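**Student:**
Numbering (mature numbering (1 follows the signal peptide of the UniProt record, and there is no 0)), first residue to last: -26 to -1, 1 to 413.
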């Protein structure tokens, strides 16, 4: 959940946080990988003429800068490069530099990036922070994660942002597939399954589910805001994996696949391809009740940071599980709009009809924001537009984010590098069996 200002959910949640700790146990065994339907990951960097070695150097440089670069100067660290901070030998976090907090969204992204790149130490350190400080161990949202904490781990708001929880669960699933399970909290597969089970079954014991029982979509922020959603929370590519990792609920995950794909298909404007940040379960824009006075430029009903991710969610689904006509239509529509705006110069926030916003949530972010450039480049995975690779080249020529806005844009930048290079891969169960094949 990417808002600088969000309704406080503390009064709506009775959840508490676990403060315990455990000793890290190294999981052993070879990397284990399973390929997508068709056995081939889309690689639009290769299509655009970039060599394997050039791509690897670029990904390595982005990782080194964002995870091990200059941390910046205290107290605000705005002049730095890194978003990852190691606070003890076995614990680390990524921080939203501009807001000086830790968010489940960022933890989930960073864990996923770490498992994709084989960075086990950073993965375990991030998971240790999330498990120790963010995961709730009682109350209606048991086993979910408080959406943001201070950098010392103390909870700011125990409300839930389902995007982060889903990314954490997916990253744990892939860690089990790639490295095998360790001991205690480092038994990645059982930890993932516990989270996945809670998403559908907390209500069985008087709690609150993460997924709506009729819409089969994640709600916006359980327990208090659970009658609408966010289109960028729809992750059907993950739900197909979750159905294999959590076979007891495979039918529910199957319904979530259909609902998630439908959300991604209908949430965007049919003329521009732009999606709102918040959505009703039918994909129509949802105006958040805390945005007052209402405006045509309100975050919830416009194309801003949350909505950027809708683009990649649709195209990751296609890269892993096969391209469907609606994904191609979506990408073509979106690209045609941004070609009209100027591929190398479009701004980053719009009304859904394509009118640029006068202002934006983060005025310190570049107008041609690196995060949106990264997400737009993934449209080339499914597009048939003759200019599709221009978006890939624009991304390739975009520097790694640094400075005050480096957190969110940096996360999307590294994810975009993995999506576009075919290096965002599945490590995990295939037909209920952990794959030992390598690619």
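Built from N, CA and C at the ideal position, the CB exists for glycine as well.
Treat the numbers as computed from the prediction; the structure is a model and nothing was measured.
Grouping DSSP H, G and I as helix and E and B as strand, with all else coil, what is residue 416?
**Tutor:** Absent from the model: residue 416. The displayed extent of the chain is -26 to 413, so no value can be given.
**Student:** Give me the DSSP bridge partner(s) of residue 432.
**Tutor:** For the chain, the structure presents residues -26 to 413; residue 432 sits outside this window and is missing.
**Student:** Pick from 263, 266, 174, 261: whose alpha carbon is nearest that of residue 221?
**Tutor:** For residue 221, the nearest C-alpha among the options comes from 174.
**Student:** When the Cα of residue 216 is compared with those of 61, 144, 199, which residue comes out closest?
**Tutor:** Distance from the Cα of residue 216 is smallest, within the candidate group 61, 144, 199, for 144.
**Student:** What are the boundary residues of the beta strand (DSSP E) that residue 129 is part of?
**Tutor:** 129 to 134
**Student:** Out of 246, 235, 243, which one is the CA nearest neighbour of residue 296?
**Tutor:** Nearest of 246, 235, 243 to residue 296, Cα basis: 235.
**Student:** So, at 8 angstroms on beta carbons, what are the nonlocal neighbours of residue 311 in its own chain, with the 5 sequence-adjacent residues on each side left out?
**Tutor:** The residues 245, 246, 247, 248, 328, in chain order, have a CB closer than 8 angstroms to that of residue 311 in the same chain once the five nearest residues on each side in sequence are set aside.
**Student:** Once you ignore the five residues that flank residue 168 on each side, which residues in its own chain have a CB closer than 8 angstroms to its CB?
**Tutor:** The answer, listed in chain order, is 117.
**Student:** Would you call the CB atoms of residue 356 and residue 315 closer than 8 angstroms?
**Tutor:** no
**Student:** Could you give the DSSP three-state label for residue 117: helix, strand or coil?
**Tutor:** coil
**Student:** If I measure Cβ to Cβ from residue 136 and keep anything under 6 angstroms in the same chain, skipping five residues before and after, which residues do I get?
**Tutor:** 184, 192, 207
**Student:** Is residue 269 helix, strand or coil by DSSP?
**Tutor:** coil
**Student:** For residue 192, which beta-bridge partners are listed by DSSP?
**Tutor:** DSSP lists 185 as partners of residue 192.
**Student:** The alpha helix (DSSP H) that contains residue 351, what's its start and end?
**Tutor:** 344 to 351
**Student:** For a test of the three-state rule: what should DSSP assign to residue 381, helix, strand or coil?
**Tutor:** helix
**Student:** Three Cβ pairs or more, each shorter than 8 angstroms: is that satisfied between the segment 57 to 71 and the segment 101 to 120?
**Tutor:** yes
**Student:** Provide the residue span of the alpha helix (DSSP H) that contains residue 293, from first to last.
**Tutor:** 279 to 295
**Student:** Hey, how far is the Cα of residue 198 from the Cα of residue 132?
**Tutor:** Rounded to whole angstroms, residue 198 to residue 132 spans 11 angstroms at the Cα level.
**Student:** Who are residue 109's beta bridge partners in DSSP?
**Tutor:** Residue 109 is bridged by DSSP to 119.
**Student:** For residue 31, which of 401, 392, 400, 402 has the nearest alpha-carbon?
**Tutor:** 392
**Student:** Which same chain residues, not among the five before or five after residue 381, have their C-beta less than 6 angstroms away from its C-beta?
**Tutor:** Only residues of its own chain outside the window of five on either side were considered, and among them 57, 70, 71 have a CB closer than 6 angstroms to the CB of residue 381, listed in chain order.
**Student:** Between 286, 262, 231, 368, which has its C-alpha nearest residue 389's C-alpha?
**Tutor:** 286
**Student:** Starting from residue 199, follow its DSSP beta bridges and name the residues at the other end.
**Tutor:** 195
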